[in-house]
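Residue numbers (our numbering), protein chains in the order written: chain V, 2 to 498; chain G, 17 to 496.
Below is the structure:
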């Protein structure tokens with residue numbers, strides 16, 4: 002294989018590998034902003050979207066003479082995440098300097114962790130427990146560092162501006178082992194990771210605001226090979242879907258290159274979401290030497306085991322445990338439980354409904370159907386949803402008692418979301434309550450039969466689908482409010498069956 | 017009252033307590049002295065007359081140093097006052113905040129009179145690498161005052177200030193104190209907050225006093241010492257009243273004399289003065305013990321790896337983006353960095369940045385930086401072992417008296433070796449002081465170094481004061 006390091010000479014036969022099956026190997030690096038009140042090494046606020054450079058001080062601006070002091074809250078949140086990801090916690094915490102020049106990095110070094118990450122050797126399981134896609138993704142390390150600032154390039158050009166508000170926001174780097182073998186697995190891992198992080202309430206996890214960012218390392222190799230292929234670092238994916246699409250593109254690109262006997266260049270590539278392609282950014286040959294060394298301004302400290310134990314015992318119920326409980330306690334299917342527990346706020350919403358209403362499957366269906374569809378189109382979290390769990394329950398109770406139909410309920414739900422009115426008020430105001438009064442229904446049926454002699458005769462002569470027409474007429478007569486079950490019954494009786 | 021500038025802080029405090037001497041009168045006298053002398057000594061990077069006058073007006077009487085003029089080394093931040101580390105790259109930089117030591121002095125009522133000249137970024141032992149030009153030794157204007165706190169030491173020796181602050185990374189307080197015939201102390205690493213001290217080597221730097229006598233040093237250290245939440249490396253221990261250590265009694269104190277400090281390279285007159293000084297301590301009742309610090313020979317090499325390595329990273333921030341010099345003729349960011357740093361840093365700064373960058377680079381880290389950390393541990397262990405049998409260690413501060421300006425500028429190694437006796441205390445984090453202990457035949461001062469266990473500054477004050485009070489070296493002043 003040494004030969005393949007050189008491009009093949011013109012005219013010589015390329016060692017093509019057409020027909021070979023390839024295995025994809027992916028490792029992911031997630032950067033997560035921790036939600037602390039103040040920055041990781043100074044007291045500045047961390048609020049998103051404030052006026053540029055309004056949340057800065059000599060420390061996060063890296064002014065000469067300023068010194069970092071570790072924010073204990075950031076450290077504790079980092080430990081919380083690490084424990085939830087099944088990691089081991091380092092006995093001794095130390096920080097290192099990662100040296101490189103960039104204008105968004107005011108000291109021209111980043112305080113990070115190098116050879117002794119805060120935590121290591123964890124894992125996340127993806128796919129539901131009994132499914133074929135069940136798999137353990139090992140987490141190599143989780144370490145704490147400081148975020149950099151943001152460069153702004155004004156469209157008129159001439160200069161670049163720096164906003165240091167983001168500088169010094171606590172950042173966790175979560176790195177997997179190369180255990181991911183497809184873009185879909187990468188997507189599933191990220192979804193599960195985000196779900197856990199949301200359960201911990203440690204971050205906004207908002208890729209658009211940059212509080213969660215993901216880079217990938219990807220390579221391909223002939224299936225069965227032990228040696229890894231040359232890896233490419235993929236950046237600039239701004240959504241989980243973007244990660245999957247970018248990786249899918251890379252798989253195709255790399256497999257096609259290798260199949261043609263070409264060599265993969267070790268490089269960093271950017272995902273261009275508009276053009277749906279990856280573009281070469283820089284090759285690793287010019288890779289930087291970060292000259293890591295221990296940060297002398299921060300004193301290494303021994304982790305208090307009792308603090309770790311306390312955080313561990315205080316961890317909330319995590320998605321998988323919650324899903325298991327929902328299956329056991331509420332009789333949800335594995336699939337439904339998986340969907341419902343995917344987001345902590347939805348799980349909480351469901352559970353609150355389930356506490357006051359016995360038909361859990363119906364609750365789950367409503368949440369997974371109309372409600373999630375609505376939230377998705379509006380890109381809205383359920384916490385901002387207009388309909389409280391109690392309101393959904395009262396709507397479902399009206400269906401159970403037969404006072405409204407399922408179809409009506411959908412309309413009521415839509416209106417309740419828009420107007421924030423109580424479902425029972427909407428029903429009362431619109432006179433929507435279902436007619437289940439047999440006397441009234443008898444009258445309506447008789448009136449319709451009298452007006453539609455032809456259809457009655459058709460039915461009696463064996464054209465059974467005339468029945469549907471008659472039902473439709475009755476529903477029309479009652480403005481859709483007739484209880485359909487009772488209508489059927491009364492109609493058939495009047496038709497002499 | 018004439019010649020207020022020639023008094024010590026404690027003498028002035030006594031004077032103020034017993035007669036109506038206003039701080040403004042002391043300041044006026046000191047500034048007159050500066051005006052008369054600094055043209056030839058060049059100890060000041062900046063004289064802050066207005067700020068000092070305002071401080072006098074508001075100086076309350078209660079503080080230990082209220083009304084006393086203090087000169088700050090130019091690498092210690094004073095809010096709104098140009099702080100340059102004697103480097104072109106920081107020209108015009110006015111920090112928006114006070115260093116913790118600055119704040120403490122202001123709160124105490126001290127009168128900050130300006131900024132002292134220094135070797136650029138504290139890189140040097142001669143005060144010749146400053147962008148403001150070389151400071152002269154008040155004892156011989158053709159000679160260097162030592163460095164890097166050369167401006168602070170020269171100003172104290174020439175009575176251009178009452179006391180001064182310096183910073184010491186490898187001897188930068190003690191060596192110029194020795195060469196200028198004054199008292200200079202590097203406290204234990206962690207004793208004084210480094211917040212607002214523009215870092216050279218974060219794991220070695222300490223701020224400390226440069227004064228005319230031991231008592232002033234004990235007063236000044238008392239004001240600036242103590243734990244600071246803004247500096248994680250400052251240690252949370254109570255600050256003793258150091259003046260209580262000035263008892264003159266050193267009977268039974270075990271004084272260690274390391275054989276490795278009296279070898280080839282030491283000036284004969286320096287050796288004689290130091291040996292006589294040891295004799296004085298013995299006469300005062302101290303028990304003198306021969307000790308060994310076997311890894312002493314590796315200290316300079318170790319220091320010149322760790323110091324530059326940390327410096328190369330600490331100085332990376334001087335890039336023209338936010339403050340100080342910026343070369344705006346460059347077309348891109350790399351060009352701006354390169355030109356700004358090429359123009360802004362002097363030769364010695366560049367040399368140390370290159371050294372440090374090299375030592376930390378992939379492939380060299382283990383052989384240089386990591387190895388140096390290991391040797392540093394060995395040097396620390398040397399001291400731990402030595403202090404099992406002694407209470408303090410005395411050595412020469414510098415192997416030679418002040419050398420001539422320009423004598424070693426072309427020979428960095430020779431220059432580096434002038435810190436051979438002071439560097440170990442920085443590597444081990446120990447407190448150490450230089451006090452005057454004699455003069456060469458040419459009339460140049462010689463310093464005695466006293467080191468003690470971590471956070472045992474009291475032992476140093478005790479021994480230093482006893483020695484000082486039984487000798488007259490500290491009373492001698494240069495003729496100017």
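Think of the CB as a built atom: it goes at the ideal place given N, C-alpha and C, for glycine as much as any other residue.
What residue from 300(G), 103(G), 216(G), 197(G) has the CA that sits closest to residue 460(G)'s CA?
Closest option to residue 460(G), Cα to Cα, is 197(G).
Helix or strand or just coil, what does DSSP make of residue 72(G)?
Helix.
Show which residues of chain G have a CB atom less than 8 angstroms away from the CB atom of residue 98(V).
What residue 98(V) touches in chain G: 329.
Measuring straight from C-alpha to C-alpha, what distance separates residue 465(V) and residue 459(V)?
In this structure, the straight-line span from the alpha carbon of residue 465(V) to that of residue 459(V) is close to 8 angstroms.
Quick one: is residue 245(G) buried, meaning 16 or more other Cβ sit within 10 Å of its Cβ, or exposed?
Burial call: exposed.
At which residues does the alpha helix (DSSP H) containing residue 185(V) begin and terminate?
In the DSSP assignment, residue 185(V) falls within the alpha helix (DSSP H) that extends over 184-201.
What does the alpha-carbon distance come out to for the pair residue 254(G) and residue 310(G)?
Cα-Cα distance, rounded: 33 angstroms.
Would you check whether the ligand ADP has a heavy atom nearer than 6 angstroms to the C-beta of residue 181(G)?
Of the ligands one can find in the structure shown there are none, so the ligand ADP has no counterpart to examine.
Return the CA-CA distance between residue 175(G) and residue 71(G), expressed in angstroms with no decimal places.
Those two C-alpha atoms are separated by around 20 angstroms.
According to DSSP, which residues form a beta bridge with residue 208(G)?
Residue 208(G) pairs with 241(G).
Could you please give me the residues that DSSP links to residue 505(V) through a beta bridge?
No answer is possible for residue 505(V): it lies beyond the span of chain V, which begins at 2 and ends at 498.
Could you compute how far the alpha carbon of residue 471(V) sits from the alpha carbon of residue 403(V)?
One C-alpha to the other measures close to 22 angstroms.
Using the rule of at least 16 other Cβ atoms within 10 Å of the residue's Cβ for burial, across every protein chain shown, is residue 88(V) buried or exposed?
The residue in question, residue 88(V), is buried, as its Cβ has 16 or more Cβ neighbours within 10 Å.
Who are residue 29(V)'s beta bridge partners in DSSP?
Looking at the DSSP assignment, residue 29(V) forms a beta bridge with 217(V).
How would you list, in chain order, the residues of chain V whose beta-carbon sits under 7 angstroms from the beta-carbon of residue 338(G)?
Those within 7 angstroms of residue 338(G) in chain V are 62, 107.
Counting only C-beta atoms, is residue 93(G) closer than 7 angstroms to chain V at any point?
So yes, residue 93(G) belongs to the interface.
Given this structure, state the Cα-to-Cα distance separating residue 391(G) from residue 186(G), to the nearest angstrom.
Going from the Cα of residue 391(G) to the Cα of residue 186(G) covers about 16 angstroms.
Which runs of the alpha helix (DSSP H), 4 residues or longer, sit entirely within the segment 302-352 of chain V?
DSSP runs (the alpha helix (DSSP H)) wholly in the segment 302-352 of chain V: 306-314, 320-331, 335-341.
Chain-ordered residues of the segment 376-401 of chain G with a beta carbon less than 7 angstroms from chain V:
Correct list: 376, 377, 378, 385.
What are the start and end residues of the alpha helix (DSSP H) that includes residue 367(V)?
In this chain, the alpha helix (DSSP H) harbouring residue 367(V) covers 361-367.
Given a limit of 8 angstroms on CB to CB distance, which residues of the segment 207-226 of chain G reach chain V?
Those would be 210, 211, 212, 213, 214, 215, 217, 218, 219, in chain order.
Please confirm if residue 104(G) has its CB atom under 7 angstroms from at least one CB of chain V.
Chain V contact via Cβ: absent.
Of the residues 233(G), 316(G), 209(G), which one's Cα is nearest the Cα of residue 442(G)?
Nearest option by C-alpha distance: 316(G).
Could you tell me how far apart the beta carbons of residue 189(V) and residue 127(V) are, in whole angstroms, since I believe they sit closer than 8 angstroms?
Here residue 189(V) really is in contact with residue 127(V); their C-beta atoms are around 4 angstroms apart, less than 8 angstroms.
Taking just the CA atoms, how far does residue 191(V) sit from residue 247(V)?
Their backbone Cα atoms lie some 14 angstroms apart in a straight line.
Whose C-beta lies closer than 6 angstroms to the C-beta of residue 109(V) among residues of the same chain, with five residues either side of it excluded?
Contacts found: 102.
Expressed to the nearest angstrom, what Euclidean distance is found between the alpha-carbon atoms of residue 84(G) and residue 228(G)?
Cα to Cα, the separation comes out at about 13 angstroms.
What are the uninterrupted segments assigned as alpha helix (DSSP H) that are 4 or more residues long and contained completely in the segment 135-197 of chain G, given in chain order?
166-173, 190-196, all fully within the segment 135-197 of chain G.
Answer with yes or no whether the minimum CB distance from residue 326(G) to chain V is below 7 angstroms.
So yes, residue 326(G) belongs to the interface.
From 292(V), 268(V), 291(V), 224(V), residue whose alpha carbon lies closest to that of residue 1(V):
Chain V is shown only over 2 to 498; residue 1(V) falls outside these bounds and no answer can be derived.
Leaving out the 5 sequence neighbours to the left and right, which residues in its chain are closer than 8 angstroms to residue 419(V) when beta-carbon positions are compared?
The beta carbon of residue 419(V) sits closer than 8 angstroms to those of 387, all from its chain and outside the five residues before and after it, given in chain order.
Strictly below 7 angstroms CB to CB, what residues from chain V border residue 246(G)?
Close partners of residue 246(G) in chain V (Cβ separation under 7 angstroms): 68, 70.
What three-state label does DSSP hand residue 13(V) in the structure shown?
Unreliable placement is indicated for residue 13(V), whose pLDDT of 43 sits below 50; the coordinate value is still reported in the next sentence. Residue 13(V): coil per DSSP, three-state reduction.
Return the CA-CA distance between residue 97(V) and residue 114(V), expressed in angstroms with no decimal places.
Each residue's Cα considered, the two are about 5 angstroms apart.
Exposed unless 16 or more other CB atoms sit within 10 angstroms - verdict on residue 444(V)
Label assigned to residue 444(V): exposed.
Leaving out the 5 sequence neighbours to the left and right, which residues in its chain are closer than 7 angstroms to residue 67(G) when beta-carbon positions are compared?
Exclusion of the five residues before and after residue 67(G) leaves 97, 128 as the residues of its chain whose Cβ lies within less than 7 angstroms of its Cβ.
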